[in-house]
Amino acid sequence: QVQLVESGGGLVQPGGSLRLSCAASGSIFSSNTMGWYRQAPGKQRDLVATITSGGRTNYADSVKGRFSISKNSVKNTVYLQMNSLKPGDTAVYYCWYRRYDVMADYWGQGTQVTVSS
Numbered sequence: 031q032v033q034l035v036e037s038g039g040g041l042v043q044p045g046g047s048l049r050l051s052c053a054a055s056g057s058i059f060s061s062n063t064m065g066w067y068r069q070a071p072g073k074q075r076d077l078v079a080t081i082t083s084g085g086r087t088n089y090a091d092s093v094k095g096r097f098s099i100s101k102n103s104v105k106n107t108v109y110l111q112m113n114s115l116k117p118g119d120t121a122v123y124y125c126w127y128r129r130y131d132v133m134a135d136y137w138g139q140g141t142q143v144t145v146s147s
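Using our numbering, count along the sequence shown one by one with no gaps and you end on 147.
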């Protein structure tokens with residue numbers, strides 16, 4: 031099992047910034063991908079950004095140029111720097127971890143991000 035603990039959500043005004051963190055513990059495997067998904071009320075959970083164990087990143091078109099994903103492999107922690115936030119970014123953000131040896135997905139409990147004036 032892999033446990034994921036998220037932090038950093040909150041309320042921010044449009045144009046503001048937030049940084050989310052997700053620390054992984056437990057059965058960490060060297061070959062993995064970590065990332066963030068988000069789910070707004072009444073909508074499906076969508077990919078925001080991912081980063082592989084090799085450092086390759088992928089972003090949803092809606093956040094390109096505004097969000098940046100990074101990681102600290104020693105701490106098994108992934109970060110999501112969110113800049114120029116818009117009301118449309120309001121959602122619960124979920125940390126995601128995939129272990130490729132067993133093809134298992136793990137999810138964090140979610141952290142609320144609200145962008146509002």
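Even glycine gets a Cβ: it sits at the ideal position worked out from N, Cα and C.
It should be emphasised that the depicted structure is a prediction, and the values quoted were computed from it without experimental measurement.
- Under the DSSP assignment, residue 108 falls in the beta strand (DSSP E) whose first and last residues are 107–112.
- Here the stretch 138–147 does not lie against the stretch 82–89, with fewer than 3 beta-carbon pairs under 8 Å apart.
- In the three-state scheme derived from DSSP, where H, G and I count as helix and E and B as strand, residue 140 is classed as coil.
- The alpha helix (DSSP H) runs lying completely inside the stretch 45–78 and spanning 4 residues or more number zero.
- The beta carbon of residue 77 lies closer than 6 Å to those of 67 and 90 in the same chain, with the five residues before and after it left out.
- Distances from the CA of residue 80 to each of 115, 74, 39 and 93 were compared; the closest alpha carbon is that of 93.
- Non-local beta-carbon contacts of residue 57 in its own chain, meaning distances under 7 Å to residues more than five positions away in sequence, involve 31 and 32 in chain order.
- Excluding residues up to 5 positions away in sequence, 42, 46 and 145 lie with their Cβ nearer than 6 Å to the Cβ of residue 115 in the same chain.
- Residue 102 is classed as exposed because its beta carbon has fewer than 16 other beta carbons within 10 Å across all chains shown.
- Here residue 132 carries a coil assignment [DSSP, helix/strand/coil].
- By alpha-carbon distance to residue 135, the top candidate from 54, 120, 105 and 69 is 54.
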